[in-house]
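Residue numbering for the sequence shown follows numbering that gives the first Met the number 0, beginning at 0 and increasing consecutively. The beta carbon of each residue, even a glycine, is placed where N, CA and C say it ideally should be.
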Amino acid sequence: MTAPIPRDIPDLPAIPGIPALLPSPVPATAVVPPVRRPLIAAFRLLTAATAAAGVAIFLVLGSPPRVLSHFTIQSSILLALVLVASARRAWTARRPLRSSLTGAALLYVVVTALVHHLLLANAPSPYAMTSTMTGATTSALLQTIADHVLHTAVPIAAVLDWLLLTPPGRLHLRQASTWLLYPMAYLAFSFIRGEYLLPGTPGHYLYPFLDVDQHGYKSVLGNALLLGLSIYALAVLLVALDHARPNPVRHHGKTGFRLQPPVG
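Quick look at the structure:
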């Protein structure tokens, strides 16, 4: 006769000298093979080339030091570089760039578009610009095209790339305050540039709401504070939308297993 199996089997004591195994999470790249996305890479390269063309037109038509001092030009150059790097990673099936970098580039070009259309190019606005980015009072055809490219077409393309070609949930609220460092640095650069330029130099202050000669430091700092709060609110909105939107690039990798319907 066989002995009955006990209901409760006591746990065996641990064997001394053998360390416990630590949990080792398996990376997703070891389960799902990387996927090349040539169409996404092509779209990003096209957007980067468009931004670079707009910047090149302004550099040819105006003084390079003056043109490169604009927030629009700097943010467009940053976006073009980020898109080129992102396109290379999409083409070679590598991991995407850090969201802190791509989110910053997106935020800056969106801020550029909103400030241009709501303040600078809006005739009823008290800060409407009376001259072009190159300092001319009239805008040539090429300059008008480049103006619309950098302030309308490129920001729209950047937003579409974020909404349709980027997985959601990558932006984080802690990044919003870090993204304000560049606008704050640009404010300091604007003040230093205005102080060291000779009196009577055209474009002493590049933006009317930062013109210390016309409005004084008190009003300009108030404008900068309101603009900074608006940029931070826009950054928080982008983060919230990034976590609320659906995933447009979800794909199912091939695992080699095929599920069959249950029998019976």
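Query                                                                                                            : Result
Residue ranges of each beta strand (DSSP E) within the region 165 to 253, 3 or longer                            : none
Rounded straight-line distance, which links the Cα of residue 148 to that of residue 98                          : 25 Å
Neighbour-count burial assignment, residue 71, 16 or more Cβ in a 10 Å radius                                    : buried
Segment limits, alpha helix (DSSP H) that includes residue 37                                                    : 37 to 60
Where residue 43 falls, given that 16 or more other Cβ within 10 Å makes a residue buried                        : buried
In chain order, each beta strand (DSSP E) run of at least 3 residues that lies wholly inside the region 65 to 95 : none
Residue interval of the alpha helix (DSSP H) (run including residue 265)                                         : Absent from the model: residue 265. The displayed extent of the chain is 0 to 263, so no value can be given.
Euclidean distance between Cα positions of residue 211 and residue 176                                           : 26 Å
Rounded C-alpha distance that separates residue 69 from residue 81                                               : 19 Å
Euclidean distance between Cα positions of residue 84 and residue 146                                            : 25 Å
Nearest-angstrom beta carbon gap, residue 162 and residue 244 [assumed within contact, 8 Å]                      : 7 Å
Cβ neighbour criterion (16 or more within 10 Å) applied to residue 191                                           : exposed
Given residue 150 as reference, the closest of 94, 41, 74 and 45 once Cα atoms are compared                      : 74
Under 8 Å between C-beta atoms of residue 207 and residue 126                                                    : yes
Identity of the residue in 79, 193, 247 and 103 nearest residue 172 by Cα                                        : 103
Cβ pair count under 8 Å reaching 3, the region 137 to 146 against the region 46 to 63                            : yes
8 Å Cβ cutoff met for residue 186 and residue 152                                                                : no
Below-8 Å beta-carbon distance, residue 173 vs any chain B residue                                               : Given the protein chain composition of this structure (a single chain), no chain B is represented.
Residue 143 in three-state terms, based on DSSP                                                                  : helix
Spatial distance of residue 118 from residue 218 (CA atoms)                                                      : 16 Å
Pair within 8 Å by beta-carbon distance, residue 266 and residue 86                                              : Outside the modelled stretch of the chain, which goes from 0 to 263, sits residue 266, for which no answer is possible.
With 16 other Cβ atoms within 10 Å as the buried cut-off, status of residue 154                                  : buried
Exposed unless 16 or more other CB atoms sit within 10 angstroms - verdict on residue 132                        : buried
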